[in-house]
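Enquirer: Residue numbers (UniProt numbering): 1 to 204. Here it is, the structure in full.
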């Protein structure tokens, strides 16, 4: 992630324009990329949906661009574990990144610089906070939706990547780099790539 003050200011302003959530520098979440059953330690690659995968953590800006990607963990790894072992987490904790906060879901630990939803909100303020937080955080869903629409090889509905876990992780990093290049060069979104499927997006 960038630590440049001018770049951060632009990111913060664009996130604020979505729903009025201040000081956001990115949204963080995880997604699964289906792979074939590995020959070694296959059980640790089984996701909660009972298929083999690698778990990918991404941090996105409001323009659907990936600011950071972690592609190295088996599908059974929890989001909070991946976060706590990431370079970005360390950068926030040692104040290398001292401005702004990230938005995540309730799988992540609440921290001063990682804002998560209020579980079981009881007041209007809590409900409003959750609404604004979720509306802003949905950028992540769109980012990975566009990525997987552009590169069907990593879309679960297209089947499994038929390579070793290490090679699959490298493929994910490669397509993220290409995705960011497409955004930088303002190439058009893929067909249906700009749709948002929010009917099931209720996870706090």
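Cβ coordinates follow ideal geometry from the N, Cα and C atoms, glycine included.
Using C-beta distances below 6 Å, list every residue in its chain close to residue 19, excluding the 5 sequence neighbours before and after it, in chain order.
Expert: Excluding positions up to five away in sequence, the list reads 132, 135 and 136.
Enquirer: Have a look at residue 11 and residue 39 and give me their C-alpha separation to the nearest angstrom.
Expert: Straight-line Cα distance between these residues: approximately 42 Å.
Enquirer: Can you give the beta carbon distance from residue 168 to residue 82, rounded, assuming they're within the 8 Å contact cut?
Expert: At roughly 16 Å, the Cβ-Cβ gap does not stay under 8 Å, so residue 168 and residue 82 are not in contact.
Enquirer: Give, in chain order, every unbroken run of the beta strand (DSSP E) that is at least 3 residues long and sits entirely within the stretch 32-110.
Expert: Runs found: 53-60, 66-74 and 101-103.
Enquirer: Distance check for residue 142 and residue 122, CA to CA, integer angstroms please.
Expert: If I take the Cα positions, the gap works out to 29 Å.
Enquirer: So for residue 132, helix, strand or coil by DSSP?
Expert: Three-state result, residue 132: helix.
Enquirer: Within this structure, are the beta carbons of residue 107 and residue 80 separated by less than 8 Å?
Expert: A contact, by the Cβ cut-off of 8 Å.
Enquirer: Give the range of the alpha helix (DSSP H) segment to which residue 143 is assigned.
Expert: From DSSP, the alpha helix (DSSP H) with residue 143 extends over 139-150.
Enquirer: Quick test of your reading: residue 100 and residue 24, contact by CB under 8 Å. State the CB separation rounded to the nearest angstrom.
Expert: Confirmed, about 6 Å.
Enquirer: Within its chain, find whatever has a CB closer than 6 Å to the CB of residue 21; leave out the 5 residues flanking it on each side and keep chain order.
Expert: Hits under 6 Å: 132 and 136.
Enquirer: Between the C-alpha atoms of residue 104 and residue 59, what's the straight-line distance to the nearest angstrom?
Expert: Going by the C-alpha atoms only, they are around 10 Å apart.
Enquirer: What does the alpha-carbon distance come out to for the pair residue 29 and residue 14?
Expert: Computed Cα separation, rounded: 19 Å.
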